[in-house]
Structures are given as structure tokens and as C-alpha cells.
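Report on one structure; see the data block that follows.
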Amino acid sequence: MKKFSFSLDKVLDYKIQVEDNLRSEHAGAVKAVMNKEEEIQGMEAAHQGYIKDMEAVKMHGCKIQELLVYESYLGKSLERIEEQKQVLEGLKHQEEIKRNQVIEAKKERTSIDKLKEKKLREYDALVQKDEEKFIEEFVSNRRHNMQKA
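Sequential numbering of the sequence shown, starting at 56, is according to my numbering.
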């Protein structure tokens, strides 16, 4: 009997390739989210540092212009932090989309894998049946030849 051949092997290979690519893209999206979170944490830490600096300057006495500069900087700093948080939300959304695409690709590949396993079991059963039939014929012919002799 000929070797097992699954008619959807090329499709399965393609689905595996698509899934691998999506996994890579998802990993990139996760990394982008983590990098942006670290960036925001750094910005918030810097913001807190400037607040402490401003408080220290206040304690030692300063001109109003200096305080206005600090307040202006702190206001802009908060705006930049909020902008980056919006960017982070967009990155998280993209990561979620990629995760869902990976899940769908895995489902598609798994369904084809299961079909391949089913076809292989059917093929193996057919091979076993053919082998049993061959053995029966061989034994039957052998008995028949022994009886003639």
C-alpha cells in the first residue's frame, strides 16, 4: 500500500506559518506595551522628582518666576504623561487584536491537525486490514499447498 499522504498538508504548512508569524507579531506588540509602560514609569518618576525639587526650592525661598517655571514644566510633564498613557492604551488594544488573531490561527491549525490525525488513523486501520487479509490469504494458500502435497 502506498505511503500516507494528507491532501491538506500544504494548507496545514501555510496555517503553521501564519500562526508563527502572528505569534512573532504578538510578541512584538507585548514588548511595545512593556516598553511604553516602562517609559511612562520613568516619566512619572521624573515628574515626582521635579515636584520634590520644587518643594525644596520653596522651603529655601525663591522668586515667583522660578515657581511659575516649575509649575509650567510640571503641567507640561503631566500632559506628556497623559499623552503617553493614551498611546499605551492604543498599544494594548493592538496587542489584544494580535492575541485574538493568534488564538484564531491556532484554532484553524488545530482543526486541520485533528483532521490529519483522523485520516491517519483511518489509513492505519486500512493498512492493518490489508495486512490481515494478506496473512489470511498466505496461510490459506499454504494450507492448500500442503494438502495437495
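Backbone N, C-alpha and C define an ideal beta-carbon position, used for all residues, glycine too.
Are there 16 or more other CB atoms within 10 angstroms of the CB of residue i, so buried, or fewer, so exposed?
i             : result
leucine 77    : buried
histidine 81  : buried
arginine 135  : exposed
valine 194    : exposed
alanine 180   : exposed
valine 157    : buried
alanine 84    : buried
leucine 146   : buried
valine 88     : buried
glutamate 150 : buried
arginine 164  : buried
lysine 184    : exposed
lysine 118    : exposed
lysine 169    : exposed
Give the DSSP-derived three-state secondary structure of residue i in the structure shown.
i           : result
glycine 116 : coil
lysine 147  : helix
serine 60   : coil
Only counting the same chain, and skipping five residues up and downstream in sequence, which positions put a Cβ closer than 7 Å to that of residue i?
i             : result
glutamate 138 : none
histidine 94  : First, the residue type needs correcting, since residue 94 is glutamate and not histidine in the sequence shown. Within the same chain, glutamate 94 has close Cβ partners Gln139.
Keeping to the same chain, check which residues put their C-beta closer than 8 Å to that of residue i; ignore five residues upstream and five downstream.
i           : result
alanine 160 : Lys70, Val73, Glu74, Leu77
valine 66   : Ile167
valine 112  : Glu121, Leu122, Tyr125
serine 209  : There is no way to answer for residue 209, as the model of the chain reaches only from 56 to 204.
lysine 173  : none
Return the chain-ordered list of same chain residues with a C-beta closer than 6 Å to the C-beta of residue i, the five sequence neighbours on each side being excluded.
i            : result
tyrosine 178 : Phe59
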